[in-house]
Amino acid sequence: MVTSLAIEEKKEEKKERKLPELPNAEKGKVVMRFAPNPNGPPTLGSARGMVVNDEYVKMYDGQLILRFDDTDPRTKRPLLEAYDWYIEDAEWLNVKFDRVIYASKRIPIYYDYIKELLKMEKAYPCFCSREEFKKYRDAGIECPHRNTTAEEALEVWEKMLSGEYKEGEVVIRIKTDMKHKDPAIRDWVAFRIIDCDHPLVGNEYRVYPTLDFESAIEDHLQGVTHIIRGKDLIDSERRQKYIYDYFGWEYPVTKHWGRVKIHEFGKLSTSEIRKKIEKGEYEGWDDPALPTIRAFRRRGFRAEAIRKFLLSLGVGENDVSVSLKNLYAENRKLIDKEANRYFFVWDAVEVKIDGLPEEVTVKIPTKPESGEFRVLRGEKTVFLSGDDWERFKDGELVRLKDFCTVKVDKENRVLEFVSWEMSNEVKKGKNIVHWLSWSDSVVCVVIGDKPRLKWGGFAEKNALKDAGKVVQFERFAFCRIEFASDEGIRAIYTHP
RNA sequence: GCUCCGGUGGUGUAGCCCGGCCAAUCAUACGGGACUCUCGAUCCCGUGACCCGGGUUCAAAUCCCGGCCGGAGCACCA
């Protein structure tokens, strides 16, 4: 009895592999956050952040915060629409946020804290140029501004706010240790002047905090207990800890993961995508050739498949380079049972069937094992896919699926009727192709998953009723019918 | 260059903290077969990995040292 129970448990454990436990995590007390810069819509990469954080929070009955780290209106300028895209895509991915925070709307709060640090002489205004400071940093020497008194510092700070300094003239640095063995940690910038309107808050501020500062304060304010983020931010922690020490706060538990590279997309940053869209290389943020969540939604992927795929990547610190085939496999498991099957004839070739005794109506299974059928007319003239026609050899026997068996006459570009029945020869060679009569056809274009890749041809009219759904075009691929009318069908390539 | 981090089959992952039950998990990919009037699905079967070299130990994927390879950071970007 005991043994069998143990076996059962083991089996379940194997099926539902969970994320590794978080250190020091108490049920009901975990607070995590996902902090993107909305300079574009969420991609698979950002979705990983959402999904894994969400999964942990669900695991521990905790809370998840969405925080927009949008404190640079110039270099990584936020995109106004993207704020909502994050919320929409998260919802679609079944990621639940307990609250949403916009850093750019909370700048005065960060001012209060830096003032505190200036008073404590743990921060100082620095008038060095970047180049000058780099020299000090590399040499491990303190810059002359470092021993500014609190009084002077506060005075400079007020002048910064009131606009007496130009952009680039002065920054506020956090005192760390100019002899720290890692130069990246030495006195880092917490505030700088940026004369540029912000998409969300306009011209309200010109003194902006850096990510490191804003994030440090905000994590504490929101009571974040655990942080999971990319390893590119690993030094952030070491920098931010100084502030935590000065204020006597406790730093959250952190975990970092490596970069994800998808074979099919290569390395594509949000800003690169943006440029390519502007240049017209992509049609928009939801171009099916793009790794954005919006594109995957458009292609008809299931959120559950994306979640599983992302979770299967684990939370290790090494970089992963993975193929989308894994995602396809997950998604296929979900859609295969539900997708209706239809014929889609691409690069259509029109051919006559010589000697067809009569035109008939044929029944073809719509869904495997469901007993549902669709009806097509078998007429004297049919369309075949160009690929198939090219492949055929003269005199070859071919089965028009569920219709009739024919012999190919390449020279005269016709098919000779052989029989209604399937022949063994055809069966062995698996020479079964899809086809379409004129009266059942509707113009169809399928937008591919590579830039500018498209297939044109005819789809069967039966597919018209599946607008919005994912179907399988037999012997082609799964596709989502995005638009359907008597004029034609536009479908988006999902995956094979 | 400096500072960190990592290296398990083609790919991703579990195991590593607390050495033995690990001739190493799961998924995907690939190969073969069965079934099917789709190049899909399903069902069988199979292929295939602990970076290298030392050390500790009765015993190492797991601990220690060295090497090699890969990655990240060193911005008034996030």
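According to the working numbering, the residues represented by the first sequence are 7 to 502, in order. Where a beta carbon is used, it is the ideal one built from N, C-alpha and C, also for glycine.
Based on the DSSP secondary-structure assignment, which residues constitute the bridge partners of residue i?
i           : result
residue 260 : 233
residue 69  : 37
residue 182 : Paired residue(s): none; residue 182 is not in a bridge.
residue 3   : The requested residue 3 does not occur in the structure, where the chain is confined to residues 7 to 502.
residue 74  : 108
residue 132 : 177
residue 471 : Beta-bridge pairing links residue 471 to no other residue.
residue 384 : 366
residue 422 : 360 and 413
residue 63  : Bridge partners of residue 63: none, in fact.
residue 447 : 466
residue 223 : Residue 223 pairs with nothing; no bridge assigned.
residue 198 : 177 and 214
residue 208 : 204
residue 155 : Note: residue 155 sits in no beta bridge, so no partner.
For residue i, which option in the options has the closest C-alpha, if you only look at C-alpha atoms?
i           : options               : result
residue 223 : 324, 167 and 109      : 109
residue 53  : 96, 301 and 247       : 96
residue 43  : 189, 30, 73 and 292   : 73
residue 213 : 229, 205 and 196      : 196
residue 31  : 419, 230, 302 and 478 : 230
residue 24  : 37, 58 and 450        : 58
residue 447 : 139, 41, 351 and 182  : 351
residue 179 : 170, 153, 171 and 187 : 153
residue 314 : 172, 203, 169 and 340 : 340
residue 151 : 168, 124 and 167      : 124
residue 355 : 374, 425 and 441      : 441
residue 131 : 365, 346, 194 and 393 : 194
residue 157 : 64, 127 and 192       : 127
residue 472 : 66, 253, 459 and 486  : 486
residue 499 : 326, 324, 295 and 391 : 295
residue 395 : 90, 439 and 252       : 439
residue 83  : 457, 277, 452 and 496 : 277
residue 424 : 374, 397, 61 and 364  : 364
residue 494 : 452, 501 and 66       : 452
residue 252 : 182, 99, 382 and 310  : 182
residue 492 : 477, 483, 470 and 348 : 470
residue 279 : 387, 484, 49 and 39   : 49
residue 298 : 94, 460 and 372       : 94
residue 502 : 369, 427, 422 and 330 : 330
Does DSSP put residue i in a helix, a strand or coil?
i           : result
residue 356 : strand
residue 19  : Residue placement at residue 19 cannot be trusted, given a pLDDT of 36 that sits under 50; the coordinates are not used to answer.
residue 214 : strand
residue 371 : strand
residue 401 : coil
residue 228 : coil
residue 31  : coil
residue 438 : strand
residue 487 : strand
residue 103 : coil
residue 83  : coil
residue 477 : strand
residue 391 : strand
residue 55  : helix
residue 406 : strand
residue 139 : helix
residue 379 : strand
If we count Cβ pairs, one from each stretch, closer than 8 Å, do we get three or more for the region 202-222 versus the region 78-85? yes
At 3 residues or longer, what runs of the beta strand (DSSP E) sit wholly inside the region 307-367? 326-328, 346-348, 350-352 and 354-360
List, from N- to C-terminal side, the beta strand (DSSP E) runs of 3 residues or more that fit wholly inside the region 249-294. 259-263 and 266-268
Determine contact between the region 462-482 and the region 268-286, defined as no fewer than three beta-carbon pairs at a distance below 8 Å. no
Could you tell me whether the region 136-151 touches the region 260-267, where touching means 3 or more Cβ pairs closer than 8 Å? no
Say whether the region 356-371 touches the region 410-428, bearing in mind that this needs 3 or more beta-carbon pairs closer than 8 Å, one atom from each stretch. yes
Within 8 Å, do at least three Cβ pairs link the region 159-179 to the region 114-128? yes
Using 8 Å as the cut-off, can you tell me whether the region 96-106 makes contact with the region 56-71, which would need three or more C-beta pairs spanning the two stretches below that distance? yes
Contact the region 431-448 vs the region 400-407: 3+ CB pairs below 8 Å: yes
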